[in-house]
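Engineer: Encoded as structure tokens, here's the structure I'll be asking about.
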Amino acid sequence: MENAHVESMVTENKEIRLNEVAFKSLNEIRKWTLFFGILGIVGVAFMAIIGVVVMILLPAFNQGMNTPYPTSFLGIIYLILSAIYILPIIYLIQFSSKIKKALIFRDEDQLSLAFNALKLHFRTVGIIMLVIITFYIIILFGMLIFGAGLLGLSGLSA
Numbered sequence: 003m004e005n006a007h008v009e010s011m012v013t014e015n016k017e018i019r020l021n022e023v024a025f026k027s028l029n030e031i032r033k034w035t036l037f038f039g040i041l042g043i044v045g046v047a048f049m050a051i052i053g054v055v056v057m058i059l060l061p062a063f064n065q066g067m068n069t070p071y072p073t074s075f076l077g078i079i080y081l082i083l084s085a086i087y088i089l090p091i092i093y094l095i096q097f098s099s100k101i102k103k104a105l106i107f108r109d110e111d112q113l114s115l116a117f118n119a120l121k122l123h124f125r126t127v128g129i130i131m132l133v134i135i136t137f138y139i140i141i142l143f144g145m146l147i148f149g150a151g152l153l154g155l156s157g158l159s160a
């Protein structure tokens, strides 16, 4: 319902002009998104480095131990997570770059591309958050079922 309303507004082809306050605000937003993008890249780089180090060192520490899963599994998880987390960071940096071009050259196309990158950033973050929340709920129910099973085996009642 709301999308139809927004689409009908778009087809009217009204012009939007940025006043000085909006222009300055977008420039300030650009700086902050670049800052958070750089922080994100540094964080993901640390995560990837930790993943590689864990993959290399953990098997050496667990040598001779009988573990039910490969000891490099934790490092692989870190590498997979760093690959997933880089996506929204790339979109954030793209937003910053495109908004800078849009403001310098007063280019509507770059402004549209910038907001599309921002939309992709928030969509990706939203999907990641939904997956994490779902994972936590599954873990919570698993713990409750496991705990109830242990209580049943021990003869205690809840």
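Be aware that the sequence shown starts at 3, since it is given in this note's numbering, and climbs by one per residue.
Glycine residues also receive a C-beta, built at the ideal position from the N, C-alpha and C atoms.
Predicted model, so just to flag it, every value in this text is computed and none were measured.
1) From I52 to F63, what distance separates their C-alpha atoms?
2) Check this for me: beta carbons of M131 and Y87, under 9 Å apart or not?
3) Check whether the Cβ atoms of I95 and G45 lie closer than 9 Å to each other.
4) Between the C-alpha atoms of S27 and K33, what's the straight-line distance to the nearest angstrom?
5) Find the nearest neighbour of Y124 within the set D109, I106, N68 and P90, judged by alpha-carbon distance.
6) Measuring alpha carbon to alpha carbon, tell me which of I139, S114 and L83 ends up nearest I43.
7) Go ahead and label S114 buried or exposed: buried means 16 or more other beta carbons lie within 10 angstroms of its beta carbon, across all protein chains shown.
8) M57 by DSSP, collapsed to three states: which one?
9) For the alpha helix (DSSP H) holding R108, just list the boundary residues, first then last.
10) Would you identify the three-state DSSP class for R125, choosing helix, strand or coil?
Structural biologist: The structure says:
1) Each residue's alpha carbon lies about 15 Å from the other.
2) With contacts defined by Cβ atoms closer than 9 Å, M131 and Y87 do not form a contacting pair.
3) No, the pair does not count as a contact, with Cβ atoms beyond the cut-off.
4) In a straight line, the C-alpha of S27 is about 10 Å away from that of K33.
5) According to the sequence shown, residue 124 is Phe rather than Tyr. The shortest Cα separation from F124 among D109, I106, N68 and P90 belongs to P90.
6) Its Cα nearest to that of I43, the residue L83 stands out among I139, S114 and L83.
7) Flag for S114 reads exposed.
8) M57 falls in the helix class under three-state DSSP.
9) Segment: none, R108 is in no alpha helix (DSSP H) and carries neither H nor E.
10) In the structure shown, the three-state DSSP call for R125 is helix.
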